[in-house]
Amino acid sequence: KTLQIIAVLDTLLNHPALEYDIQDNRSSNSAGLRRRHIHTVLIVVPANTISNWEQEFEKWVEGKIQVYNMTSFSNDARWKTIGSWCRKGGVLLM
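FYI, in the numbering used here the residues of the sequence shown are 7 to 100.
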């Protein structure tokens, strides 16, 4: 099941057909900028399986998707991690 979910997420996060053009009238250099419809994914799993999920992402998508592990951060760092995840995109494992 893990591999099936990773395959679907890789498609949703990386397939060029799921991008759209950014229309920003405030900036003249916005031409050609692309944004993905889906750029963040939250996966809630049992705590004892999070390291397995990280290993599976690394094995199957080899760094193409940023993976954040919330169990390895202090409470203060978690808020920064969530902000980074929201801005940069990727998968957040909780």
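All C-beta atoms, glycine included, are put in the ideal place defined by N, C-alpha and C.
Bear in mind that the values here come from a model prediction, so they are computed numbers and not experimental data.
Name the two residues that bound the continuous alpha helix (DSSP H) containing I12.
-> T8 to N20
Can you tell which of I11, L9 and T46 has the C-alpha that lies nearest to the C-alpha of S90?
-> T46
Report back the beta-carbon spacing between E62 and L9 to the nearest angstrom; my notes put them in contact at under 8 angstroms.
-> With a Cβ gap of about 7 angstroms, E62 and L9 count as contacting.
Evaluate S33 with the Cβ neighbour count: other Cβ atoms within 10 Å of its Cβ, from every protein chain shown; 16 or more gives buried, anything less gives exposed.
-> Reliability of the predicted coordinates at S33 is poor, the pLDDT of 47 falling under 50, and the value obtained from them is presented with this limitation in mind. By the 10 Å Cβ count, S33 comes out exposed.
H21 to L15, Cα distance in whole Å?
-> 10 angstroms
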